[in-house]
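Chemist: The structure follows.
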Amino acid sequence: MSVLVVAEHDNRALKPATLNTMTAAAEIAKAAGSDVHILVAGKDCRPVAEAAAQIAGAAKVLLADDTAYDHGIAENWAPLLVKLAAGYSHVLAPATTFGKNLMPRVAALLDVMQISDISAVELADTFVRPIYAGNALATVQSKDPIKIITVRGTAFAPAAATGANAPIEAAEATGAAGLSEFVRAELSKSERPELTSARVIISGGRGMQSGDNFHLLEKVADKLGAAVGASRAAVDAGFVPNDYQVGQTGKIVAPELYVAVGISGAIQHLAGMKDSKVIVAINKDEEAPIFQIADYGLVGDLFKILPELDEELGKRQK
Amino acid sequence: MKALVAVKRVVDYNVKVRVKADKTGVETANVKMSMNPFDEIAVEEALRLREAGIVTEVIAASLGVQQCQETIRTALAMGADRGVLVQTDVELQPLAVAKLLKAVIEKEQPDLVIIGKQAIDDDCNQTGQMLAALLGWPQATFASKIVINDGRAEVTREVDGGLETVAFKLPAVVTTDLRLNEPRYASLPNIMKAKKKPIDVTTPEQLGVDVTPRLVTLKVEEPAKRQGGVKVGSVAELVNKLKDEARVI
């Protein structure tokens with residue numbers, strides 16, 4: 004039986020996490036000797052299905068186009084996935100707020116345990132997943148007939164967005180469950196890259212002292228083409244919204260370069276960024292735990308360092 | 065209307081966990097245990113709804129070993145009215161927890177169930193969604209705001225790109241995110257009072273629920289340690305290193 008990937012998208016374009024999920028699915032399909040199908044469910048989302056059909060490794064795309072699947076309402080999506088799951092050995096979605104919200108609902112209806120946030124595929128039924136904020140890695144084996152899985156995007160390289168030319172098949176819609184309705188979305192508007200797919204991230208912590216001071220970070224971010232993140236302490240203190248949060252209970256990121264500014268390095272923050280390729284820490288406390296994992300540390304007053312950094316980067320760009 | 069909150073006993077968030085030498089799990093003997101922080105937020109929210117006159121009774125349920133009574137007592141000391149303990153020594157995975165909670169809910173008939181979005185030990189983030197599925201109820205995960213009017217709820221959710229609001233009729237399951245509220249501390253008089261509040265004890269067998277684990281943990285290991293690097297003396301040196309040595313800018 005094939006492996007099914009649930010594509011995340013906004014009816015116009017695929018979310019990058021779908022490509023990482025595709026890689027995990029391809030590893031499972033290889034171990035199981037099968038292939039990978041992609042489900043695109045949404046409203047007027049054919050362009051997304053066409054993009055999905057090109058993802059390297061896609062053997063088939065299922066397109067479920069119905070108003071019920073707009074906005075990713077789990078109550079409406081779950082019956083569709085339960086119906087489709089009967090024909091698959093594994094169903095995977097990215098471990099984003101979309102996948103985390105949806106997949107356990109599907110798993111419970113199928114009477115199986117979900118395997119959350121996998122970071123490696125060992126065998127078709129055996130996976131590695133981080134527990135305790137990534138302070139331990141558990142290798143777990145599922146005894147359930149269908150494996151419902153969410154995938155930690157940063158642990159798998161993205162699949163190539165082009166290369167395949169898979170057929171697109173319509174999947175019959177299951178309709179609205181009538182349990183919940185979407186009211187509105189207030190999405191952060193930013194010209195900067197998204198945190199989970201950014202090549203460079205610069206994050207601020209409690210040391211930033213206020214939300215206003217984040218403009219110092221933003222100036223540097225714009226020079227680096229970086230996304231702006233924050234520690235839980237900065238979110239708790241109300242400096243920035245929660246969707247900035249990097250950590251165990253926020254976003255998990257692994258950019259090429261992560262710059263932590265005024266962040267002490269609490270376990271729960273490290274859990275969200277310690278797999279970054281290069282880590283820079285800027286902190287006035289030279290004993291801060293963040294320095295123990297940073298490749299480059301700079302001890303000093305961030306209110307002096309950030310403008311200097313902005314100027315230095317500006318000079319070099321000329 | 066009644067509200068039910070589920071509270072999990074976990075290793076305290078300040079404890080640095082250690083993987084056992086035999087790789088069967090993490091060390092939990094002689095380690096401080098506390099209520100899962102997201103469940104504290106759930107208890108607080110239920111109490112605030114009671115204080116606002118929307119909820120009439122707050123029931124705190126916990127599932128697991130006998131010591132989960134302490135976690136329930138913490139919820140009672142915060143202000144919950146009574147407790148339910150489903151006692152078992154079997155390792156409970158989210159699907160089993162959801163089935164047990166469903167059985168408790170069928171008996172207690174709450175209109176609102178609030179639980180933490182994720183436990184900080186297994187980091188599964190499943191139970192609330194599974195419970196909603198088994199009950200056939202709406203779910204609102206990662207809530208940062210709950211407004212209830214005439215048996216309808218409007219919940220603002222923390223999603224990757226910002227905020228999203230959904231509306232539904234109760235009964236429903238809501239899971240809490242960080243910014244929903246700031247939980248209160250239990251006062252000493254309330255801790256004393258909590259000792260007299262009732263806790264019903266039942267078992268999976270009495271509830272008729274099969275809790276056999278579906279996932280087998282083959283091993284638990286420590287992740288590769290990241291080596292600390294160097295301290296640089298100036299911004300210019302940092303930029304040079306990033307450009308020439310690390311080649312990331």
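As they're listed, the protein sequences go chains B and W. Residues 4 to 321 (the working numbering) make up the first sequence, in order. Residues 65 to 313 (the working numbering) make up the second sequence, in order. Glycine included, each C-beta is placed from N, C-alpha and C at the ideal position.
So residue 88(B) contacts chain W; which residues on that side make the cut at Cβ distance below 9 Å?
Modeler: Residues of chain W passing the Cβ test: none, with the nearest at roughly 13 Å.
Chemist: Spell out a yes or no on whether the segment 226–237 of chain B and the segment 246–256 of chain B are touching, meaning 3 or more CB-CB pairs, one atom from each, closer than 8 Å.
Modeler: Output reads yes: the segment 246–256 of chain B touches the segment 226–237 of chain B.
Chemist: Does the CB of residue 133(B) have a neighbour CB from chain W at under 8 Å?
Modeler: Residue 133(B) counts as touching chain W.
Chemist: Alpha carbon to alpha carbon, how far is residue 171(B) from residue 306(W)?
Modeler: Approximately 45 Å, taken between the alpha carbons.
Chemist: Name the residues in the segment 237–252 of chain B whose C-beta lies less than 9 Å from a C-beta of chain W; which are they?
Modeler: Against chain W - using a Cβ distance shorter than 9 Å - the residues of the segment 237–252 of chain B are 238, 239, 241, 244, 245, 246, 248, 251 and 252.
Chemist: Give a yes or no on whether the C-beta atoms belonging to residue 169(W) and residue 234(W) are separated by under 8 Å.
Modeler: No, they are not a contact pair.
Chemist: Using CA atoms only, rank isn't needed, just tell me which of 101(B), 147(B) and 141(B) is closest to residue 286(W).
Modeler: Minimum Cα distance to residue 286(W) is reached at 141(B).
Chemist: Can you find a C-beta in chain B that's less than 8 Å from the C-beta of residue 126(W)?
Modeler: Chain B contact via Cβ: absent.
Chemist: Could you say if the segment 149–164 of chain W and the segment 177–197 of chain W meet the contact criterion of at least three C-beta pairs nearer than 8 Å?
Modeler: A contact exists between the segment 149–164 of chain W and the segment 177–197 of chain W.
Chemist: Which same chain residues, not among the five before or five after residue 45(B), have their C-beta less than 6 Å away from its C-beta?
Modeler: Excluding positions up to five away in sequence, the list reads 14 and 72.
Chemist: Check whether the segment 80–95 of chain B and the segment 184–192 of chain B touch, using three or more Cβ-Cβ pairs below 8 Å as the test.
Modeler: No, because fewer than three Cβ pairs between the segment 80–95 of chain B and the segment 184–192 of chain B fall closer than 8 Å, the two stretches do not touch.
Chemist: Please list, in chain order, the residues of the segment 155–176 of chain W that have any C-beta partner in chain B closer than 9 Å.
Modeler: Listed in sequence order: 157, 158, 159, 160, 162 and 163.
Chemist: Under a three-way DSSP split, which group does residue 226(W) fall into?
Modeler: Residue 226(W): strand per DSSP, three-state reduction.
Chemist: At a Cβ threshold of 8 Å, is residue 108(B) touching chain W?
Modeler: Answer yes: the Cβ-Cβ gap between residue 108(B) and chain W drops below 8 Å somewhere.
Chemist: Determine the DSSP secondary structure at residue 185(B), reduced to helix, strand or coil.
Modeler: DSSP places residue 185(B) in strand when its eight states are reduced to three.
Chemist: Rounded to a whole number of angstroms, what is the C-alpha to C-alpha distance between residue 133(W) and residue 111(W)?
Modeler: Their backbone Cα atoms lie some 19 Å apart in a straight line.
Chemist: Could you name the residues of chain B that residue 225(W) contacts, counting a contact when the two beta carbons are closer than 7 Å?
Modeler: Chain B residues near residue 225(W): 190, 191 and 246.
Chemist: Taking residue 172(W) as the reference, which of 273(W), 204(W) and 264(W) has the closest Cα?
Modeler: It is 264(W) whose Cα lies nearest to the Cα of residue 172(W).
Chemist: Cβ of residue 70(B) less than 8 Å from any chain W Cβ?
Modeler: Cβ-Cβ to chain W under 8 Å: no for residue 70(B).
Chemist: Is DSSP giving residue 130(B) helix, strand or coil here?
Modeler: Strand.
Chemist: Residues of chain B with CB under 8 Å from residue 70(W), in chain order?
Modeler: Within chain B, no residue comes near residue 70(W); the closest Cβ sits about 14 Å away, beyond 8 Å.
Chemist: Can you give me the C-alpha to C-alpha distance between residue 99(B) and residue 139(B), rounded to a whole angstrom?
Modeler: Going from the Cα of residue 99(B) to the Cα of residue 139(B) covers about 21 Å.
Chemist: Does residue 114(W) come out as helix, strand or coil in the three-state DSSP assignment?
Modeler: In this structure, residue 114(W) counts as helix in the three-state DSSP scheme.
Chemist: Closer than 9 Å, Cβ to any Cβ of chain B: which residues of the segment 178–203 of chain W, in chain order?
Modeler: Going along the segment 178–203 of chain W in chain order, one finds 181, 182, 184, 185, 186, 187, 188, 189, 190, 191, 192, 193, 194, 195, 196, 197, 198, 200, 201, 202 and 203 with a Cβ nearer than 9 Å to chain B.
Chemist: Residue 132(B) and residue 121(B) - do their beta-carbons sit closer together than 8 Å?
Modeler: For residue 121(B) and residue 132(B), yes; Cβs fall inside 8 Å.
Chemist: Short of 7 Å Cβ to Cβ, which residues in the segment 296–315 of chain B face chain W?
Modeler: Flagged, chain order: 296, 297, 298, 299, 300, 301, 302, 308, 311, 312 and 315.
Chemist: What runs of the beta strand (DSSP E), each 3 residues or longer, lie entirely inside the segment 208–279 of chain W?
Modeler: Correct list: 216–223, 226–233, 236–240 and 263–266.
Chemist: Rounded to a whole number of angstroms, what is the C-alpha to C-alpha distance between residue 244(B) and residue 223(W)?
Modeler: For residue 244(B) and residue 223(W), the distance between alpha carbons rounds to 11 Å.
Chemist: Would you kindly work out how many angstroms separate the C-alpha atoms of residue 211(W) and residue 178(W), rounded to a whole number?
Modeler: Going by the C-alpha atoms only, they are around 13 Å apart.
Chemist: Pull up the distance between the alpha-carbon of residue 116(B) and that of residue 107(B), whole angstroms please.
Modeler: Rounded to the nearest angstrom, the two C-alpha atoms are 8 Å apart.
Chemist: DSSP on residue 88(W), reduced to helix/strand/coil?
Modeler: DSSP places residue 88(W) in coil when its eight states are reduced to three.
Chemist: Using only CA atoms, which one of 252(W), 259(W), 255(W) and 131(W) lies nearest to residue 152(W)?
Modeler: For the residues 252(W), 259(W), 255(W) and 131(W), the minimum Cα distance to residue 152(W) belongs to 131(W).
Chemist: Would you call residue 273(B) buried or exposed, if buried means 16 or more other Cβ atoms sit within 10 Å of its Cβ?
Modeler: The residue is buried, with at least 16 neighbouring Cβ atoms inside 10 Å.
Chemist: Any C-beta of chain B within less than 7 Å: which residues of the segment 279–303 of chain W qualify?
Modeler: The segment 279–303 of chain W vs chain B, Cβ under 7 Å: 279, 280, 281, 282, 283, 284, 285, 286, 287, 290, 292, 293, 294, 295, 296, 299, 300, 302 and 303.
Chemist: Would you tell me roughly how many angstroms separate the C-alpha atoms of residue 148(W) and residue 103(W), rounded to the nearest one?
Modeler: So the alpha carbons of these two residues sit roughly 15 Å apart.
Chemist: Check whether chain W comes within 8 Å of residue 232(B), counting only Cβ atoms and requiring the distance to be less than that.
Modeler: Judged by the 8 Å Cβ criterion, residue 232(B) is not in contact with chain W.
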